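Heads up: the structure comes next, in structure tokens.
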Amino acid sequence: MNLIIAPFITLYASVFLLMAGVGLLGTYLPLRLTVDGISTQFIGFIMSAYFFGMCIGALYCPRLIRSVGHIRAFAAFAATTTSVVVLHGLFISPLLWVVLRFLSGLSTIGLYTVIESWLNECTVPTLRGRVMSVYMFVSYLGMGGSQYLLNFSPIQDMRTFFIICLLLMLCIVPISVTKSIYPELPHFDQVSVRRLIRKAPVGILGCFLAGLLNGAFYAIVPVFCHIIGLSIMNLSTVMSLTILGGMVLQWPVGVLSDRFDRTYMLASLCLAVALTGILIVFVAEYSFFLFLLVMILFGGLIFTIYPVSVARAHDLFDSAEIVPASSVLLLCFCIGATAGPVAASLTMTVTETGYAFFVYCAAVSLLSAVIIFYLRKKEVITIVAAEDHSSFIPMKGTSPAAVLIDPRTEMDNEAGTRKRQ
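Just add 436 to the spot in the sequence shown (first one is 1) and you have this note's numbering.
Below, the structure written as structure tokens:
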């Protein structure tokens with residue numbers, strides 16, 4: 437355990453503070469916009485800009501990290517993110533917030549890339565999966581726990597922005613004083629994107645669906661809770677426990693996906709999301725306790741679709757394709773996360789009811805389950821034996837840099853080297 441926690445204690449501290457700030461901002465902004473009378477459709481558009489920024493940032497941030505190093509890059513990205521949060525508070529303008537959310541996505545993906553590439557380079561393959569699990573636990577703990585900070589001030593008060601800025605600035609301190617030697621980002625060759633998509637369509641679709649659901653969740657659920665009249669404390673509880681539900685189900689879902697055909701596992705998750713979404717529509721008005729329980733299950737399901745999809749895709753990739761394939765999977769997630777808030781908010785606007793969000797989640801999940809069964813026949817390998825499965829690695833849907841810590845990358849490369857020898 438000392439080899440898993442002790443070498444990275446300062447990184448974990450930075451992760452906790454970073455995810456607390458990012459998680460609080462992600463919930464506060466749509467709630468603030470709702471209180472200010474902004475339409476649900478435009479709120480979805482504003483929140484989508486964040487994930488679009490992550491898409492673009494994923495392409496360019498590694499270059500800066502290679503140029504100046506991990507610590508300097510982290511400080512630069514954190515300072516940029518903090519400055520953007522300050523601008524949110526100084527200028528309460530929905531149009532300007534579209535630009536600011538885009539810039540926030542650009543800088544936030546840089547922070548994720550620094551931390552995850554650092555962990556990847558400084559961990560031996562035999563420990564990397566457990567290091568990733570600790571990283572995920574700390575991330576979810578920070579995001580879930582920070583939701584209760586919404587209760588420290590009125591929604592339209594500037595103090596919430598100050599709290600977020602404080603968390604983001606403090607996250608620079610632990611990583612800046614670490615004594616660890618910072619690593620270099622790996623270099624890899626490009627592989628045809630079209631070939632990767634044709635080879636693993638189920639994994640590609642699963643990552644896109646995960647983006648549709650996760651992006652919509654963070655943008656719309658705070659709005660929905662406000663629409664149905666929940667207090668700020670109850671809203672905080674819903675967001676916090678739903679996020680923590682994703683943390684709790686990572687392990688059991690991972691165990692099941694390692695033992696059974698991942699295609700059926702992914703389709704089962706989609707069907708479960710559809711059923712849970714419909715169930716929420718029926719219980720939300722009658723019992724807050726039942727609503728909360730079902731939301732915890734809902735969060736646990738939607739946050740496990742992405743890692744199962746990644747594992748399913750990696751079952752089909754060669755060692756030389758691991759890193760570029762993971763980049764494609766992450767890009768598909770970001771594209772889905774960009775489209776998700778817009779599609780969900782448009783559905784709510786057209787139907788004029790907040791419950792349409794869960795109907796949207798159920799519909800896209802059910803459709804995806806049907807398509808997954810169809811695409812399964814087109815994959816190069818339809819059935820992968822349990823002993824040949826790529827190891828399930830828990831991942832958070834909000835970070836498109838997780839490929840840099842994926843232990844399959846190095847282990848598969850080592851296997852390829854042994855075969856050539």
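Note that the Cβ used here is the ideal one computed from N, Cα and C, for glycine as well. These figures come from a predicted structure and were not determined experimentally.
Problem - Minimum C-alpha distance to residue 639 - residue among 725, 812, 471, 748 - result: 748
Handout entry: Cβ pair residue 570, residue 445 closer than 8 Å
Key = no
Problem - DSSP-derived helix/strand/coil call for residue 514 - result: helix
Exercise for the section: For residue 503, count neighbouring C-beta atoms within 10 Å of its own C-beta (all shown protein chains included) and say buried if the count is 16 or more, exposed if not. Expected result: exposed
Exercise for the section: Please list, in chain order, all residues of the same chain as residue 542 whose beta carbon is under 7 Å from its beta carbon, the five residues on each side excluded. Expected result: 489, 492, 493
Handout entry: Contact the stretch 655-669 vs the stretch 692-701: 3+ CB pairs below 8 Å
Key = no
Problem - Touching by the beta-carbon criterion (3+ pairs, under 8 Å), the stretch 512-526 and the stretch 582-597 - result: yes
Problem - C-beta contact flag for residue 601 and residue 470 at 8 Å - result: no
Handout entry: Cβ neighbours of residue 579 in the same chain (closer than 6 Å, five flanking residues each side left out)
Key = 455, 459, 679
Problem - Alpha-carbon spacing of residue 606 relative to residue 813, whole angstroms - result: 50 Å
Exercise for the section: Within the same chain, show all residues whose beta-carbon is closer than 6 Å to that of residue 648, passing over the 5 residues directly before and after it, in chain order. Expected result: 772, 776, 800
Practice task
Please find out if some non-hydrogen atom of the ligand SAH comes closer than 7 Å to the beta-carbon of residue 664.
Solution key: Among the ligands in the structure shown, none appear at all, so the ligand SAH cannot be discussed.
Exercise for the section: Count the other CB atoms, across all protein chains shown, that sit within 10 Å of the CB of residue 860; report buried if there are 16 or more and exposed otherwise. Expected result: Residue 860 falls outside the range modelled here, since the chain spans only 437 to 857, and no answer is possible.
Problem - Close Cβ partners of residue 462 (< 7 Å) along its chain, the five nearest in sequence each way excluded - result: 654
Handout entry: Cβ shell of residue 450 (< 6 Å), same chain only, five flanking positions each side left out
Key = 607, 610, 611
Handout entry: DSSP-derived helix/strand/coil call for residue 720
Key = coil
Problem - Three-state secondary structure assigned by DSSP to residue 686 - result: helix
Practice task
Would you kindly work out how many angstroms separate the C-alpha atoms of residue 516 and residue 590, rounded to a whole number?
Solution key: 26 Å
Exercise for the section: Please list, in chain order, all residues of the same chain as residue 774 whose beta carbon is under 7 Å from its beta carbon, the five residues on each side excluded. Expected result: 484, 487, 488, 491, 651
Exercise for the section: State buried or exposed for residue 884, treating a residue as buried only when at least 16 other CB atoms are found within 10 Å of its CB. Expected result: Only positions 437 to 857 of the chain appear in the structure, and residue 884 is not among them; the question remains open.
Exercise for the section: For residue 853, name the three-state secondary structure that DSSP assigns. Expected result: For residue 853, the predicted structure reports a pLDDT of 44, less than 50, and the residue's modelled location is therefore unreliable. A value from the coordinates is still provided. Helix, per DSSP.
Exercise for the section: Round the Cβ separation of residue 740 and residue 705 to the nearest angstrom and send it over; I've been treating them as touching at under 8 Å. Expected result: 6 Å
Practice task
State the DSSP-derived secondary structure class of residue 666, mapped to helix, strand or coil.
Solution key: coil
Exercise for the section: Within the same chain, show all residues whose beta-carbon is closer than 6 Å to that of residue 452, passing over the 5 residues directly before and after it, in chain order. Expected result: 574, 578
Handout entry: Closest by C-alpha distance to residue 662, when choosing among 506, 567, 604, 791
Key = 791
Handout entry: Local Cβ density within 10 Å of residue 665, reported as buried at 16 or more and exposed below that
Key = exposed
Exercise for the section: Evaluate residue 613 with the Cβ neighbour count: other Cβ atoms within 10 Å of its Cβ, from every protein chain shown; 16 or more gives buried, anything less gives exposed. Expected result: exposed
Exercise for the section: Using three-state DSSP, classify residue 813 as helix, strand or coil. Expected result: coil
Handout entry: Proximity to residue 691 [Cα-Cα], best of 717, 743, 721
Key = 743
Problem - For residue 809 and residue 658, the rounded distance between their alpha carbons - result: 33 Å
Practice task
In the DSSP assignment, find the alpha helix (DSSP H) that holds residue 605 and state where it starts and stops.
Solution key: 595-606
Handout entry: Boundaries of the alpha helix (DSSP H) in which residue 585 is found, first to last residue
Key = Note, residue 585: premise wrong, no alpha helix (DSSP H); not H, not E.
Problem - Helix, strand or coil at residue 446 [DSSP, three-state] - result: helix
Problem - Residue burial classification, residue 496 (beta-carbon count within 10 angstroms, cutoff 16) - result: exposed
Problem - Secondary structure of residue 679, DSSP reduced to three states - result: helix
Practice task
State the start and end residues of the unbroken alpha helix (DSSP H) segment that holds residue 592.
Solution key: First-last for residue 592: undefined, no H or E at that position.
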